[in-house]
Amino acid sequence: MFNLLLAIFVSAAVDSTTLMIGDQTDLHLEAVYDNSRSVAMPVFGAELIPGIEIVRRTPVDTVTKNNQTTLRQDLTLTSFSDSLFYIEPIAFPAGSDTFYSEAISLNFIQPFEIDTALAITDIKDIQKAPIWWWGIIRWILLGVLALALAVGAYFGWKWLKSRREPQAEAPEPELLRPAEEVALEKLDLIRQDKIWQEGRTKQYHTELTDVIREYIGRRFMIRSNEKTSDETLRALQPVMKEQKELFGSLKSMLQLADLVKFAKWTATPEENERSLRTAYDFVHDTTPVEETSESENKL
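Residue numbers (my numbering): 22 to 320.
See the structure below:
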């Protein structure tokens, strides 16, 4: 029903008006109104009216276009009563007003005669199905056989593989080079390359701090590669109580590297050279005297 004065249109229509009992049909509810008004969709419980059940309902679909709103909802109806139902006009609340759709008739028909004089009885007595033992045992045996074949195939494959592959001799463990020897060798390579002079300052500080972090991990058993600069310095502070000046230089080097790597800081040539000297000093000054003497004797 459309009200021209208030610019509101409501409707309710069904797909089929005559059905067999138990069949289903959809009731389409729609409200169209100007955005200056507000209309609510009708709300139903389990039944539309006594005797007509609501099997399912869709969510309310809202579409707004050209200053106009359209509400749509579908209700799936059914009935198990042989009867002609009259559905009165459905109310759509609109503020202080109410608008009504057209009335609808639904006719549900019983397709066959029912003899009400006969008593209600079961079609057949309840029977207990026999257990098919052979079928159960057969499936169990098939499962066991399949498992045995799979296990046999796996171990057969392992055996054939072991016969085809020659037994490799276990390699002798490689002697671990001293931490300071490895660190100084890598620092020499960094000094020779001088990649900071090519503008690759970030790569330079990354390689430099990686060498120092690896050395710290081997010398002091501190997993510096897994820690931030601040965490590394906090872990080193207790073991470098007597080397405060060296600790301060290392701190400055790591902080400068963080600025270059993460804050796009441009280090001066003097700062790059100082960081390399700090790295050399840190390795030399933290190498135990005994190990230093042994390294010099080897050289």
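Note that the Cβ used here is the ideal one computed from N, Cα and C, for glycine as well.
- [ ] Could you tell me how far apart the beta carbons of residue 236 and residue 204 are, in whole angstroms, since I believe they sit closer than 8 angstroms?
- [x] Translated into the one-based positions of the sequence shown, residue 236 becomes position 215. Translated into the one-based positions of the sequence shown, residue 204 becomes position 183. Indeed, because the Cβ distance is near 4 angstroms, the residues count as touching under 8 angstroms.
TODO: Kindly confirm or deny that the segment 160-168 and the segment 100-112 touch, where touching means at least three C-beta pairs closer than 8 angstroms.
DONE: No, because fewer than three Cβ pairs between the segment 160-168 and the segment 100-112 fall closer than 8 angstroms, the two stretches do not touch.
Task: Proximal residues to residue 201 (C-beta, below 6 angstroms), its chain only, five neighbours per side dropped - done: Here residue 201 refers to the residue found at position 180 when the sequence shown is read from its first residue. In chain order, 304 and 308 place their CB closer than 6 angstroms to the CB of residue 201, counting only its own chain and leaving out the 5 sequence neighbours on each side.
Open item on the list: Could you check whether residue 271 and residue 230 sit closer than 8 angstroms to each other, using their CB atoms as the reference points?
Closed with: For the purposes of this step, residue 230 is identified with residue 209 of the sequence shown, where counting begins at 1. For the purposes of this step, residue 271 is identified with residue 250 of the sequence shown, where counting begins at 1. No. Outside cutoff.
TODO: Look at residue 81 and residue 91 and say whether their C-beta atoms are less than 8 angstroms apart.
DONE: Counting from one through the sequence shown, the residue named residue 81 turns up at place 60. Counting from one through the sequence shown, the residue named residue 91 turns up at place 70. Judged by their CB atoms, residue 81 and residue 91 are not nearer to each other than the 8 angstroms cut-off.
Open item on the list: Could you tell me which whole beta strand (DSSP E) segments of length 3 or greater appear in the segment 37-100?
Closed with: Listed in chain order, they are 39-41, 45-55, 68-70, 73-78, 82-86 and 89-99.
TODO: Determine the burial state of residue 207: buried for a count of at least 16 other Cβ atoms within 10 Å of its Cβ, exposed for fewer.
DONE: To locate residue 207, count along the sequence shown from 1; it is residue 186. By the neighbour-count rule (16 or more Cβ atoms within 10 Å), residue 207 is buried.
- [ ] Using the Cα positions of residue 151 and residue 133, report the straight-line distance between them to the nearest angstrom.
- [x] As a position in the sequence shown, residue 151 is number 130, starting the count at 1. As a position in the sequence shown, residue 133 is number 112, starting the count at 1. About 37 angstroms.
TODO: Out of 222, 256 and 251, point me to the one whose CA is closest to residue 242's CA.
DONE: Within the sequence shown, the letter at position 221 stands for residue 242. Among 222, 256 and 251, the Cα nearest to that of residue 242 is on 256.
Task: CB contact flag (residue 287, residue 222, <8 angstroms) - done: Taking the first residue of the sequence shown as 1, we reach residue 287 at position 266. Taking the first residue of the sequence shown as 1, we reach residue 222 at position 201. For residue 287 and residue 222, yes; Cβs fall inside 8 angstroms.
Open item on the list: Quick check: the Cα distance between residue 18 and residue 174, rounded to an integer number of angstroms?
Closed with: Absent from the model: residue 18. The displayed extent of the chain is 22 to 320, so no value can be given.
TODO: Name the two residues that bound the continuous beta strand (DSSP E) containing residue 128.
DONE: Indexing the sequence shown from 1 puts residue 128 at position 107. Its beta strand (DSSP E) spans residues 125-130.
TODO: For residue 181, count neighbouring C-beta atoms within 10 Å of its own C-beta (all shown protein chains included) and say buried if the count is 16 or more, exposed if not.
DONE: Taking the sequence shown and counting its residues from 1, one reaches residue 181 at position 160. Residue 181 comes out exposed.
Open item on the list: Let me check one thing: in DSSP terms, what residues is residue 33 bridge-paired to?
Closed with: Position 12 of the sequence shown holds residue 33. Residue 33 is bridged by DSSP to 50.
TODO: Specify the secondary structure class of residue 287 as computed by DSSP and reduced to three states.
DONE: Taking the first residue of the sequence shown as position 1, residue 287 is located at position 266. Residue state, collapsed to three classes: coil.
Open item on the list: Is it buried or exposed, residue 160, if we count other Cβ atoms within 10 angstroms and call 16 or more buried?
Closed with: Mapped onto the sequence shown, residue 160 falls at position 139. Around the beta carbon of residue 160, fewer than 16 other beta carbons lie within 10 angstroms, which makes this residue exposed.
TODO: Could you please give me the residues that DSSP links to residue 121 through a beta bridge?
DONE: Residue mapping note: residue 121 aligns to position 100 of the sequence shown, counting from 1. Partner(s): 112.
Task: The alpha helix (DSSP H) enclosing residue 213, as first and last residue numbers - done: On the sequence shown, residue 213 is found 192 positions in, with the first residue counted as 1. Counting along the chain, the alpha helix (DSSP H) containing residue 213 begins and ends at 200-214.
Task: Contacting residues, own chain, Cβ-Cβ under 8 angstroms from residue 56 (five flanking each side not counted) - done: Within the sequence shown, numbered from 1, the residue matching residue 56 stands at position 35. Residues 85, 88, 89 and 90 of the same chain have their beta carbon placed closer than 8 angstroms to that of residue 56, with the five preceding and five following residues left out of the count.
TODO: Helix, strand or coil for residue 102, going by three-state DSSP, please let me know.
DONE: As a first step, residue 102 is located in the sequence shown; it is residue number 81 there, counting from the start. Annotated three-state conformation of residue 102 is coil, per DSSP.
Task: Own chain residues within Cβ distance below 6 angstroms of residue 32, not counting five before or after - done: Here residue 32 refers to the residue found at position 11 when the sequence shown is read from its first residue. For residue 32, where only same-chain residues beyond five positions count, the Cβ hits under 6 angstroms are 51 and 122.
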